[in-house]
Each structure stands twice: as structure tokens, then as C-alpha cells.
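So the structure is just underneath, and the comments pick up after that.
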Amino acid sequence: MDYRKAEFIKSAADPSGFIRDGLPQVAFAGRSNVGKSSVINSIVQRKNFARVGSSPGKTAHINYFLIDKKFYIVDLPGYGYAEVSKAERDRWGRLMEAYFASGLVTLGVQIVDLRHKPSADDITMMNWFKSAGIDTVVVANKMDKCKKSELPGNVARVRETLELSEDHPLVYYSAVTNSEREALLLALDGALELA
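Residues in the sequence shown are numbered from 1 upward in steps of one, following this note's numbering.
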């Protein structure tokens with residue numbers, strides 16, 4: 001799989017825009033400021049491929065990126081940003097619920113901040129994946145901002161908070177240094193082959 005062969009296909013503002021062509025869809029979810037766009041850019045090795053918002057909460061649509069003509073990375077709206085209006089948050093919620101209920105999601109990638117305990121919103125998102133029966137890979141981003149000695153404890157805290165088993169795929173990651181990129185690609189490849 002050549003992850004550098006990536007192209008933006010479309011944005012969906014409502015369920016009528018969902019792509020239903022049978023290709024696997026890997027849904028990337030995370031808080032507004034967790035570095036989700038940066039992780040996607042790191043995976044495809046392009047600097048401004050998934051636009052990094054000037055302020056959190058900018059991704060208000062579901063964005064589709066075709067990878068090597070084999071599957072989609074689906075960039076979900078960031079969550080947990082307080083300055084977005086309630087009406088807009090409600091719209092995102094309905095959009096996300098419709099997407100999860102569509103049966104289109106092959107795999108979920110839940111991105112959390114390795115430095116902090118996952119938030120209530122992170123737990124809610126993980127529960128959406130679980131209740132929809134969607135396998136997930138957890139990416140604990142921002143490892144470049146952690147001391148090496150903190151990694152084991154921080155990873156254990158992520159597993160415990162999100163109620164992950166010991167064998168649940170979890171990759172600690174740095175979108176800044178691309179550290180552990182190969183481990184993440186292996187986890188994605190493995191999950192897609194099982195799908």
C-alpha cells in the first residue's frame with residue numbers, strides 16, 4: 001500500500017454526501033486540538049494535505065481522502081471545542097451518528113493526546129465505535145512532548161481510561177517527527193486485511 005498516493009475526493013455536510021462505492025473507509029476521530037490533521041499529513045507524507053485549521057473546530061464536514069485507490073481515510077469533525085455554537089455541535093452530532101449508523105466504516109482510528117488522560121469526549125467517541133461494532137486502532141499522539149520515562153505510565157492510563165484490552169492496537173506517535181509511522185501503517189494494513 002502506497003500511503004503517499006493520496007488525493008482529496010470530497011467533503012460531506014450531510015448523509016446524502018457519504019461515499020458508498022464499496023471501498024473500505026477508515027474513520028479518523030479526535031479532539032479538535034489533538035493533531036488529527038497533522039497525523040493524516042504525516043501518514044501520507046504531505047505537509048498541508050489535510051488542512052490544519054487555524055483555530056480548532058474548523059473541520060465541520062466529513063472529508064474523504066482516497067489512498068492508493070484502495071481505501072479512504074475519512075477525517076471526521078473534531079470534537080470537544082467549547083467555542084462552537086450548540087446548534088453547530090448538534091449538527092455535527094447528527095452527522096456523526098448518521099455516519100456511524102451507515103455501516104460504511106471499516107475501521108476507526110481514535111487519536112488521543114498521550115500527555116493527558118483521555119477526556120469524556122474521547123470516551124464517548126470510543127463508545128460510539130464500540131457500539132457500532134467497529135474495530136479501532138488508538139493513536140496516542142504528541143509523544144515528542146513526553147519524556148521517555150513517562151511513556152509506559154501514560155500508555156497504561158490511555159488503555160485504562162478507554163477500557164482497552166492489553167492486545168488492543170495502540171500506537172504512540174509523533175506527527176511532528178513521524179516517529180512510529182511504520183508501526184501505525186502496519187496496524188492499519190493489518191486491520192484492513194482483516195476487514
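Ideal Cβ positions, reconstructed from N, Cα and C, are used throughout, including at glycine.
Between the alpha carbons of L151 and S16 lies a distance of about 42 Å.
Within a 10 Å sphere around the beta-carbon of A120 sit fewer than 16 other beta-carbons, which makes this residue exposed.
For D75, the uninterrupted beta strand (DSSP E) segment begins and ends at 71-75. If you draw a 10 Å sphere on the C-beta of L186, you find fewer than 16 other C-beta atoms in it, and that means exposed.
In this structure, A175 lies near S38, with their beta-carbon atoms less than 7 Å apart. The stretch 158-170 makes no contact with the stretch 14-28; the number of CB pairs closer than 8 Å stays below 3. For D113, DSSP records a beta bridge to N141.
Judged by DSSP in its simplified three-state form, S11 adopts strand. Taking all protein chains in view, the Cβ of K142 is crowded by 16 or more other Cβ atoms within 10 Å, so the residue is classified as buried. It is roughly 7 Å from the alpha-carbon of R181 to the alpha-carbon of I43. Just so you know, the alpha carbons of A13 and S149 end up roughly 43 Å apart.
According to DSSP, residue pairing for V171 in a beta bridge involves V139. At a Cβ-Cβ threshold of 7 Å, I111 and V171 do not count as neighbours. DSSP places A183 within a helical segment (H, G or I) once states are collapsed to three. Membership of L151 in the alpha helix (DSSP H) is indicated by the continuous run 151-161.
Excluding five sequence positions before and after E7, the CB atoms of its chain that fall closer than 6 Å to its own CB belong to L66, given in chain order. Assignment of N63 by DSSP, reduced to helix, strand and coil, places it in the strand class. The beta carbon of L114 sits closer than 6 Å to those of A140, K142, M143, C146, N154, Y172, all from its chain and outside the five residues before and after it, given in chain order.
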